[in-house]
Amino acid sequence: MHTFQELGLEERILQAINDLGFETPSEVQHKAIPVLLESDSDLVALAQTGTGKTAAFGFPMLQKINVSSRTTQGLILSPTRELCLQITNELKNYGKYFKGLNVTAIYGGASISDQAKQVKKGAQIIVATPGRMKDMISRNMVDISKIEYAVLDEADEMLNMGFYEDITEILSFTPQEKNTWLFSATMPKEVASIAKEFMYNPKEITVGHKNEGSKNVSHEYYLVNSRDRYQALKRLADANPDIFSVIFCRTKRDTQKVAENLIDDGYNAGALHGDLSQNQRDLVMKSFRNKQIQMLVATDVAARGIDVDDITHVINYQLPDEIETYTHRSGRTGRAGKTGVSMVIVSKSETRKIKSIERKIKKEFVQKDIPGGMEICQIQLMSLANKVHDTAINHDIDPYLDEINALFEDASKDELIKKFFSVEFTRFHNYYKKAKDLNISAQNSSTKDGVRDEKSTRYFINVGKKDGFDWMSLKDFLKEKLELGRDDVFKVDVKDSFSFFNTESSEREKVFAFFENFEHDGRPVNVEITEDKGRNRTRNRGRRRDGGGDRNRRDKSRGDHRSSSSRKDSGRRSDRRRSKNESYRRSESRSSSERPRRNRRK
Ligand code: ADP
Ligand code: MG
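Using the numbering used here, read the sequence shown as starting at 531 and increasing by one per residue.
In structure tokens, the structure reads:
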């Protein structure tokens, strides 16, 4: 076990470390700090997110600069404004016992003259995003001609974001004899070439192993208008009746609000964030572990310690600021050999982020459509049918059977089935029959999708995961059987016992002809067209499908659409659960008239 004392750090820093509660140096700190303190050498350090890199370069930089001078001596370049602010904050904490220390953050989207003023006061350390830094150099607002230490933090990410030229230009304003410390999670060609070009004989350290995204997780994104985020979330939940998920929001406030809304709408949801007491958090986690909570809405910080194995879905209600956070989030599912799905609800302006995440995690996202209302009704109905089919008979009902039988004396099996399922179906159907299409086409894919949607047909087919299919194998299967080309079967969506897919409408005949007497594993395969209203979104893309009256309609019916069968259980237990959930809610939640509560009304 190593200590911070052994690394050669001075008292002022040790004191701050003590205040921060860091007990032992992390691996990258233990490897980098002595090297940086003792030698004037360049450094390349490969270490994953969350390994403590900020302190690995921050401590030595603080110890080496001269705080009684007002000259800028250290420059840290980092890819995003958020990271920039985070590093600045950390450095201020590390240097809290350095009198006269001025660490200034420079980033876009805030007043450039305020930042210039800060620098002018004598910033010994500047933490900057490349774009704004370049800007300020060209306006003579900063002087980095005397810096002694340059840090390229998250170098791979900066290059991914296209900052190569900015970085090159910025470095050309710095002195030759400075030391450059490069930190990166990975070492792609571009990073290696930066190292080669700008660094002299760098020492190299590598830490730990890669934390690439789990192989068992597939990544999906759903493009909607920001204002439809919540509706989209509900549909994703409804389209996955057995969902057991963590939903990530960016702020405590959003976390609380989304959880409250879900609870009001009859879902088994709970909130987990830092404003709850430890006791409340323990209760939520307990309910989540024993699956009384199916949808845990959480902040990144609060969810950090979640170690539940069978989470089926991670839903990014909002994308995180930092790409690395996405990896942490999606890593909550697909554990212990199981498969999982990480879903992202994005608005148009965020689609760029999807691309950078893809590069980072080296996996591709599949763009999917938020399921339409009728599709969800179908899913719920089939899920119920399967549940009924698989239910073991409870003979405690025997004493009541005579009476029930008498009631249905004249009903045929067919009629009985129809009535039984109508009970649940009608509930969902009423809620969803007028539901609008929440999808918006991405700008660059709109033509392709748009043209398609006009002329494509969506089918329901009664084979699914239980028959050994996933979306890729079903697509291959259909392509082969129907003798269709690569892209002629699309939007394949595989559920447990059934699936959906699209073809051009002109292929309809072919599809039906093929499946007419088709059997899979001895079972007849049934294909139907599924109604998906409002799919021809090219015509009024970008506009709301319904008029202003829609809002009322939705609000009124909201909260009453959850099928009781889709909840794990009902009646008294869920009332108990609700009161538990209620204790996490703020007192000023909406009036019950605006949002009818299911449990109470039953
Ligand atoms: P990275 O830049 O590698 O992603 P950070 O420097 O942001 O990681 O550190 C991640 C978190 O760990 C921060 O909250 C930081 O305060 C904390 N941390 C850093 N070093 C230590 C340490 N030695 N002991 C405990 N916590 C630490
Ligand atoms: Mg960092």
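Each residue gets a CB set at the ideal place from its N, CA and C atoms; glycine is no exception.
Query	Result
Environment of residue 953 [buried if 16+ CB atoms lie within 10 Å]	exposed
Residue environment, residue 583, which counts as buried when at least 16 other CB atoms sit within 10 Å	buried
beta-carbon residue 584 near the ligand MG non-hydrogen atom, thresh 7 Å	yes
Rounded separation between residue 900 and residue 759 - CA only	11 Å
Heavy atom of the ligand MG within 7 Å of residue 683 beta-carbon	yes
Classification of residue 688 by the beta-carbon crowding that lies within 10 angstroms, buried from 16 upward	buried
Pick from 630, 662 and 682 that is closest to residue 653, judged by C-alpha positions	630
Alpha-carbon spacing of residue 1063 relative to residue 1025, whole angstroms	With a pLDDT of 46 at residue 1063, under the threshold of 50, the predicted position of this residue should be treated as unreliable, and no value is reported.
Own chain residues within Cβ distance below 7 Å of residue 1001, not counting five before or after	1022, 1023 and 1024
Near the ligand FMN: residue 613 beta-carbon under 7 Å from a heavy atom	The model depicted lacks the ligand FMN and carries the ligand ADP and the ligand MG instead.
Residue range of the unbroken beta strand (DSSP E) whose run includes residue 988	986-991
Status (buried if at least 16 other CB within 10 Å, exposed otherwise) for residue 644	exposed
Contacting residues, own chain, Cβ-Cβ under 7 Å from residue 718 (five flanking each side not counted)	686
Length of the line joining the Cα atoms of residue 580 and residue 870	23 Å
Near the ligand ADP: residue 881 beta-carbon under 7 Å from a heavy atom	no
Neighbourhood of residue 657 by C-beta, 6 Å cutoff - its chain only, sequence neighbours within 5 removed	606, 614, 617, 618 and 635
Best match in 716, 683, 673 and 691 for proximity to residue 702 [C-alpha to C-alpha]	673
Same chain only: Cβ atoms within 7 Å of residue 664, ignoring 5 sequence neighbours per side	696, 699 and 700
Residue 539 (DSSP reduced to helix, strand or coil)	coil
For residue 492, three-class secondary structure by DSSP	The structure shown does not extend to residue 492, since the chain spans only 531 to 1132, so no value can be given for it.
Near the ligand ADP: residue 545 beta-carbon under 7 Å from a heavy atom	no
Residues that residue 690 bridges to, as DSSP identifies them	DSSP lists no partner for residue 690.
Boundaries of the beta strand (DSSP E) in which residue 870 is found, first to last residue	870-876
Those residues which DSSP pairs with residue 486 across a bridge	The chain is shown from 531 up to 1132; residue 486 falls before or after that span and cannot be answered.
Which of helix, strand or coil DSSP assigns to residue 1022	strand
Contact under 8 Å by Cβ, residue 633 with residue 639	no
Closest by C-alpha distance to residue 1141, when choosing among 577, 970 and 796	What is shown of the chain runs 531 to 1132, which leaves residue 1141 out entirely.
Given 8 Å, three or more beta-carbon pairs between the region 870-888 and the region 933-941	no
Supposed close pair residue 503, residue 537 - CB separation, criterion 8 Å	No answer is possible for residue 503: it lies beyond the span of the chain, which begins at 531 and ends at 1132.
Validate contact between the region 888-904 and the region 956-972 using beta carbons, cut 8 Å, 3 pairs	yes
For residue 1054, three-class secondary structure by DSSP	strand
Any non-hydrogen atom of the ligand ADP closer than 7 Å to residue 687 Cβ	no
Residues bridged to residue 709 [DSSP beta-bridge criterion]	679
Three-state class that DSSP yields for residue 618 in the structure shown	helix
Heavy atom of the ligand ADP within 7 Å of residue 855 beta-carbon	no
Contact test: residue 556 Cβ vs the ligand ADP heavy atom, cutoff 7 Å	yes
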